[in-house]
Structures are given as C-alpha cells and as structure tokens.
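Visitor: Sequential numbering of the sequence shown, starting at 1199, is according to our numbering. Structure incoming, see below.
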Amino acid sequence: VQLQASGGGLVQSGGSLELSCASSGLVFRDYDMGWYRQAPGKQRELVAKRTRFGLTNVADSVKGRFSISRDNAKNTVSLQMNSLKTEDTGDYFCHAKRGRWEFWGQGTLVTVSS
C-alpha cells in the first residue's frame, strides 16, 4: 500500500494550499480517508476525515477554513486549506483506515509565515 501526499509548501498567512494524496495497493472506496498533522514538538492530530460512507469530520481548529474531499474513481483524497494561519504549520499526513487495517503516507510539510 502506498499513500503519496503532495502539495505542501511555504505560504503566507491568509493564503491557501491544496494537499492531495494518491493511493495505490488498496481498495480505496472501502477505506476511511483522512489528513492528520503534526506540528514541531506536538502530537499528531486529526485535521479532517471523510469516511467511506461520505461522512465528514473536521477539527474545530480548522472548521470553516479547510475542507476534505475524495474521488473514489481516482483513488485520491484532497485537503483544501484556506485562510491559513501560522499555527497550521506542520507535517501533514494522509491516512487510510478500515477496521484494524490502517496505513500512513509520508508527510508533506506546510509552512505558514506571518
């Protein structure tokens, strides 16, 4: 299984970025897909999740600014990030889960400057 994240980079506060995660080696439509992030010195936390049933869960800290979408035909999950803040800085990880099976992609770094 591979989860390939892309789209990270340096952006000014108030700007936007879109992260994308391309998956292979799993039956994508059967998995809950999510994005997590880890800021320096902090624990990894859920940013947003979209289940295989189409339900969405978004962290309070990004609600109204970030949105998650998935394309089961292309086996991709995306995270649109708007109105970025310096506290959004961190490594962003793609995550796939089905029952006891879960997989992580490599992180893509998002840096928001003031």
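Just so you know, even glycine gets a beta-carbon here, dropped at the ideal spot from N, CA and C. Here the structure is a predicted model, which means the values were calculated and not measured.
#1: What runs of the beta strand (DSSP E), each 3 residues or longer, lie entirely inside the region 1226-1302?
#2: Using CA coordinates, which residue listed in ASP1269, GLY1239, GLY1262 is at the minimum distance from PHE1251?
#3: On the DSSP letters alone, give me the boundaries of the beta strand (DSSP E) that LEU1208 sits inside.
#4: Assign VAL1275 to buried or exposed, taking buried as 16 or more other Cβ atoms, counted over all protein chains shown, within 10 Å of its Cβ.
#5: By how many angstroms is the C-alpha of VAL1260 removed from the C-alpha of LEU1208?
#6: Classify ASP1258: buried if its beta carbon has 16 or more other beta carbons within 10 angstroms, exposed otherwise.
#7: From GLY1212 to SER1218, what does the alpha carbon distance come to, in whole angstroms?
#8: Return the Cβ separation of LEU1307 and GLY1206 in integer angstroms, given the expectation that the two are a contact with Cβ distance under 8 angstroms.
#9: Suppose you measure from the CA of ARG1227 to the CA of VAL1310; what does that come to, to the nearest Å?
#10: What's the gap between the Cα of PRO1238 and the Cα of GLU1285?
#11: Going by DSSP, name the residue or residues bridged to LEU1201.
Guide: Judging by the given coordinates:
#1: Counting only runs of 3 or more, we get 1230-1236, 1243-1248, 1254-1256, 1264-1269, 1274-1279, 1288-1296, 1299-1302.
#2: ASP1269
#3: 1207-1210
#4: Under this definition VAL1275 is a buried residue.
#5: Spanning the alpha carbons of LEU1208 and VAL1260 requires a straight line of approximately 18 angstroms.
#6: exposed
#7: Their backbone Cα atoms lie some 20 angstroms apart in a straight line.
#8: 5 angstroms
#9: 32 angstroms
#10: 10 angstroms
#11: SER1221
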